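Residue numbers (this note's numbering): -5 to 125.
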């Protein structure tokens, strides 16, 4: 590999490492990232929701992304539980996780309350089930 390609590859790798990304290869690594949450109750609920989503079939990185986005947007433990429960239900009904994640992330990133996020997920679910 020439020096220019090596330099570009190294730059990309360093940018990824220091970008604050929430990527995690395993459920254990994802939980370790959630250990940074200062409030014990929030941390406990975040781990619970993360585990529930993963057990329902959501990829680890997607589950971690949704949970951390909700926490960054100041979702309270009860909010996180309700959004997580709705997402888990949709996954169990066979809705592809990529659609569930996209719908939840869009709502959370638009600063929707937990109730509005659940409503957005329900509206999406209705569209999917009606064809």
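Yeah, the Cβ is synthetic: ideal placement off N, Cα and C, and Gly gets one too. Here the structure is a predicted model, which means the values were calculated and not measured.
So, with DSSP's three-state summary, where would you put residue 78? The answer is helix: DSSP assigns residue 78 an H, G or I state.
My output table needs one value for residue 70: the three-state DSSP class, helix, strand or coil. In the three-state scheme derived from DSSP, where H, G and I count as helix and E and B as strand, residue 70 is classed as coil.
Considering only the alpha carbon of each residue, which of 60, 70, 123, 28 lies closest to residue 98? Ranking 60, 70, 123, 28 by Cα distance to residue 98 puts 60 first.
Below 8 Å between beta carbons: does that hold for residue 48 and residue 57? yes
Quick one: grab the DSSP three-state call for residue 92. helix
On a Cα-Cα basis, can you pick out the residue from 111, 54, 103 that is closest to residue 80? 111
Going by C-alpha to C-alpha distance, which of 85, 102, 116 sits closest to residue 46? Closest in C-alpha terms to residue 46, from the list 85, 102, 116, comes 85.
Rounded to a whole number of angstroms, what is the C-alpha to C-alpha distance between residue 149 and residue 54? Here the chain comprises residues numbered -5 to 125, so residue 149 is not present and cannot be evaluated.
Just to confirm, are residue 82 and residue 108 a CB contact at a threshold of 8 Å? no
Burial state of residue 29 (16 or more Cβ within 10 Å): With fewer than 16 Cβ atoms within 10 Å of its Cβ, residue 29 is classed as exposed.
Which of helix, strand or coil does DSSP assign to residue 84? helix
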